[in-house]
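Per this note's numbering: the sequence shown = residues 5 to 395. Just so it is clear, CB atoms sit at the ideal spot from N, CA and C, and this is done for glycine as well. Let me begin by presenting the structure, written as structure tokens, before commenting on it.
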Amino acid sequence: MVNIGIVQEKFKENFGSLNETRIFKAPGRVNLIGEHTDYNGGFVLPAAIDREVVVVARNRSDNKCVLYSMDFNQKAEWTLDALKYNSEKKWSNYPAGVLHFLQEEGFKLSGFEACFAGDVPVGSGLSSSAALEIVFCITAKLLNKLDINMINVIKLCQRAENKFVGVNCGIMDQFISGLGKKNNALFIDCKTLDYKHIPLNLADAKIIICDTKKRRALGDSSYNQRRQECETGVRILEKFLPGITLLRDVTKADFEKYKDNIPTVIKKRCEHVIYEDERVISAINALEKNDLEEFGKLLNASHESMANLYEISCPELNKLVQLAQGIQGTFGSRMTGGGFGGCTISVVKSNAIEDFQKIVTQGYYNTFNIEPEIYVCTAEDGAGEITDLSC
Numbered sequence: 005m006v007n008i009g010i011v012q013e014k015f016k017e018n019f020g021s022l023n024e025t026r027i028f029k030a031p032g033r034v035n036l037i038g039e040h041t042d043y044n045g046g047f048v049l050p051a052a053i054d055r056e057v058v059v060v061a062r063n064r065s066d067n068k069c070v071l072y073s074m075d076f077n078q079k080a081e082w083t084l085d086a087l088k089y090n091s092e093k094k095w096s097n098y099p100a101g102v103l104h105f106l107q108e109e110g111f112k113l114s115g116f117e118a119c120f121a122g123d124v125p126v127g128s129g130l131s132s133s134a135a136l137e138i139v140f141c142i143t144a145k146l147l148n149k150l151d152i153n154m155i156n157v158i159k160l161c162q163r164a165e166n167k168f169v170g171v172n173c174g175i176m177d178q179f180i181s182g183l184g185k186k187n188n189a190l191f192i193d194c195k196t197l198d199y200k201h202i203p204l205n206l207a208d209a210k211i212i213i214c215d216t217k218k219r220r221a222l223g224d225s226s227y228n229q230r231r232q233e234c235e236t237g238v239r240i241l242e243k244f245l246p247g248i249t250l251l252r253d254v255t256k257a258d259f260e261k262y263k264d265n266i267p268t269v270i271k272k273r274c275e276h277v278i279y280e281d282e283r284v285i286s287a288i289n290a291l292e293k294n295d296l297e298e299f300g301k302l303l304n305a306s307h308e309s310m311a312n313l314y315e316i317s318c319p320e321l322n323k324l325v326q327l328a329q330g331i332q333g334t335f336g337s338r339m340t341g342g343g344f345g346g347c348t349i350s351v352v353k354s355n356a357i358e359d360f361q362k363i364v365t366q367g368y369y370n371t372f373n374i375e376p377e378i379y380v381c382t383a384e385d386g387a388g389e390i391t392d393l394s395c
């Protein structure tokens, strides 16, 4: 967790005092299962985690916004009537995009000054970008007393990443950062935006995140290409299935009936998404029955699909998954996040965690000469204001 006192001290160093400051936070997330289904209108099952972005902020009397990032040791400044993309300080585009779209929606904003820090690793697949967007939207909302509910905050933050930052992401990351709940996952229907908190009944098991330390920037990767390939699949299938608009609308039976009409690469992408949606529903059923053996099998199947059909894995991710799956006490393991680097998620018996950490660390180091970061994950609450510093 971020040390709030250190963020406050850095705020004082940059802005003179802590008078009238308020503190806000938004968590990163890990997706348990349901990868690259969100922008296809499908199902996902993420959880907010105990890594976060924390902002110390206060209003200004003018329309200037001054932000200091402790993680990048940089300051960015704008006026609210001149919010432009900054190619040199790319981190600043996330809050700037949020402010841009708040004003486009007709909300009146005052300037503010803020210092922030996060412990969500950038480019890890744990959604540091969504946490940054959500926390600054919450900051602007509460400092300016804006009448905007969390669902509209989530939609606006997704739009900021799509249209201002330029990453064609789905809505899952913003959704879970805003609406996470302690000790629960969040089932999201990304077509209807219906959602339901799902208790994480893991009994004597833990969720373990392993970070490859390989970083990727989604806007520069094949992420947008995958989305285009899915859209191509929809255009082909709608010739046989009039009325569909998303891969979510295609059943397994219809896909199997018409898949031979789809070019090989596009067919592989569609198959992953359609079958991954089924795995999400099966995973929820397994959790509700406390069937971790079945849940683990679904995680393993998800990784195989992402590696071979969606082709978004990499040697580092595959190695971590292979090592994890070979350890007695591991129910299942898969890559999580956008792909091409980042993290894996594993469900592991508590009495096997020590062996898991040793075997995975040594095996990964032997192959890549890098030690992965490994930590036990807990599901936490979503974004909001911090008013009690004793917790």
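In this structure the segment 93-101 touches the segment 168-175; the number of beta carbon pairs closer than 8 Å is three or more.
Its Cα nearest to that of Thr348, the residue Val34 stands out among Val34, Asp151, Glu24. Counting along the chain, the unbroken beta strand (DSSP E) around Ser337 starts and ends at 334-340. A residue is called buried once 16 or more other Cβ atoms fall within 10 Å of its Cβ, and Asn44 is buried on that count. The beta-carbon separation of Val139 and Val57, rounded to 5 Å, stays under the 8 Å limit for a contact. For Asn304, the CB contacts under 6 Å within the same chain, skipping 5 residues up- and downstream, are Gly336 in chain order. For Tyr369, the enclosing alpha helix (DSSP H) covers residues 357-372. Using a Cβ distance threshold of 8 Å, Thr365 and Ile357 do not count as a contacting pair.
With respect to the C-alpha of Ile37, the residue from Lys68, Arg64, Tyr89, Tyr279 having the closest C-alpha is Tyr279. In this structure, Arg239 lies away from Leu147, with their beta-carbon atoms at least 8 Å apart. Closest by C-alpha distance to Ala61, out of Ala52, Val11, Glu320, Asp85, is Val11.
At a Cβ-Cβ threshold of 8 Å, Gly345 and Arg230 do not count as neighbours. For Ala118, the uninterrupted beta strand (DSSP E) run begins and ends at 116-122, by DSSP. DSSP, read as helix, strand or coil, puts Ala207 in coil.
Scanning the segment 277-312 for uninterrupted alpha helix (DSSP H) segments of 4 residues or longer gives 296-312, listed from N- to C-terminal end. In this structure, Glu282 keeps its C-beta atom at 8 Å or more from the C-beta atom of Phe259.
The DSSP-derived three-state label of Ser96 is helix.
Contact check between the segment 285-299 and the segment 315-328: fewer than three CB pairs, one atom from each, fall below 8 Å, which does not count as touching. Thr255 and Leu183 have their C-alpha atoms some 29 Å from each other. With 16 or more other Cβ atoms inside 10 Å of its own Cβ, Asp177 counts as buried. Cβ-Cβ distances below 8 Å link Leu71 to Lys79, Ala80, Glu81, Ser96, Pro99, Glu117, Ala118, Cys119, Phe120 in the same chain, with the five nearest sequence neighbours on each side left out; the list follows chain order. Nearest neighbour of Thr391 by Cα position, chosen from Val351, Val269, Val59, turns out to be Val59. Distance from Leu291 to Ile212 at the Cβ level is roughly 17 Å; contact not present, criterion being Cβ atoms closer than 8 Å. By the neighbour-count criterion, in which 16 or more other beta carbons inside 10 Å mark a residue as buried, Pro267 falls on the exposed side.
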